[in-house]
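Peer 1:
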Amino acid sequence: MKPFSQWTKEEVEEEFRLTSAPQHPLLQQWLSAPAQLSENEQKTLRQLSRKLLAHVHDWNEEELKIYFIAFLLDFVDFYQERYRPFLERELSVEYAEGKRLWGMVDFLVASGKQTPKEPFFFLHEYKKQADTSNDPVGQLLAEMVAAHTANRRKHPVYDAYVIGRPWYFVLLDGQTYAESLAYDATKEEIFAIAAILRQTKTMIDSLL
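Quick note: the sequence shown uses my numbering, first residue 1, plus one each step.
(1) Can you check the region 20 to 48 for any alpha helix (DSSP H) of at least 4 residues that lies completely inside it and give the ranges in chain order?
(2) Spell out the partners DSSP gives His124 in its beta bridges.
(3) Is the region 83 to 97 in contact with the region 106 to 116, if contact means three or more CB pairs nearer than 8 angstroms?
(4) Output the boundary residues of the beta strand (DSSP E) element that contains Phe169.
(5) Pull up the DSSP beta-bridge partners for Phe107, would you.
(6) Could you tell me the alpha carbon to alpha carbon distance between Gln36 and Ile193, rounded to whole angstroms?
(7) Could you spell out the range, first to last residue, of the alpha helix (DSSP H) harbouring Glu14?
(8) Distance, Cα to Cα, Trp7 vs Lys43?
(9) Given a cut-off of 8 angstroms on the beta-carbon distance, is the pair Leu75 and Val109 in contact?
(10) Which residues does DSSP pair with Asp184 in a beta bridge?
(11) Could you work out which residue in Arg165, Gly174, Tyr95 is closest to Val56 when comparing CA atoms only?
(12) Go ahead and pull the three-state DSSP assignment for Lys99.
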């Protein structure tokens with residue numbers, strides 16, 4: 001079968017019988033995390049936001065990842081005792097006889113030390129603002145279905161995708177998925193993005 005990068009949202013919905021539920025209660029719980037930030041943390045995030053605003057149209061995909069996303073992920077700190085972040089790891093599952101989902105994952109948080117075991121959260125599509133090729137929602141839904149299939153416990157899977165300034169958060173719960181509206185990281189909404197990413201750790205802890 002096709003790798004993650006070649007799936008569209010419509011194809012994933014049809015192949016795996018997924019339905020959209022924008023008001024899913026777990027998505028609302030995830031997005032409603034309070035932004036409890038110290039003055040120093042707010043200052044750090046504002047500086048990061050200003051850097052993004054100044055360079056988002058100039059950075060390529062790798063520069064966006066290194067100069068902005070990496071700093072934000074380090075700020076949140078997904079390195080925990082029972083799970084950690086992984087970069088550029090392959091995920092492959094057979095979901096039916098002769099049918100396989102596979103591909104490289106940009107960023108995921110999973111249990112395991114050297115290799116990811118049970119995925120909980122993905123971050124996908126470090127694309128610059130002007131490059132919106134392919135179908136990021138289709139790709140991330142394919143990744144999430146693969147993770148849900150691979151996981152021994154069929155818990156919800158969390159995801160985010162980034163297209164330059166905007167961040168979108170997506171939840172897959174069984175055969176139902178929900179997607180947030182855009183959060184603009186060049187505005188004060190960067191506080192909400194940081195809060196949601198921190199809330200992701202809380203939700204992972206509850207699953208464990």
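We put the CB at the ideal spot given by N, CA and C, even for glycine.
Peer 2: Quick answer:
(1) With a minimum length of 4 residues, the continuous alpha helix (DSSP H) runs that stay inside the region 20 to 48 are 25 to 31.
(2) DSSP lists Tyr161 as the beta-bridge partner residues of His124.
(3) With the cut-off at 8 angstroms, the region 83 to 97 and the region 106 to 116 touch.
(4) Element bounds for Phe169: 166 to 173.
(5) Partner(s): Leu87, Leu123.
(6) Inter-residue distance for Gln36 and Ile193 is about 12 angstroms (C-alpha atoms, whole angstroms).
(7) Glu14 -> alpha helix (DSSP H) spans 9 to 16.
(8) Computed Cα separation, rounded: 39 angstroms.
(9) Reading off the sequence, residue 75 comes out as Phe, not Leu. Contact annotation: Phe75 and Val109 have beta-carbon atoms that are not nearer than 8 angstroms.
(10) BP columns for Asp184 point to Pro166.
(11) For Val56, the closest of Arg165, Gly174, Tyr95 by C-alpha to C-alpha distance is Arg165.
(12) In this structure, Lys99 counts as strand in the three-state DSSP scheme.
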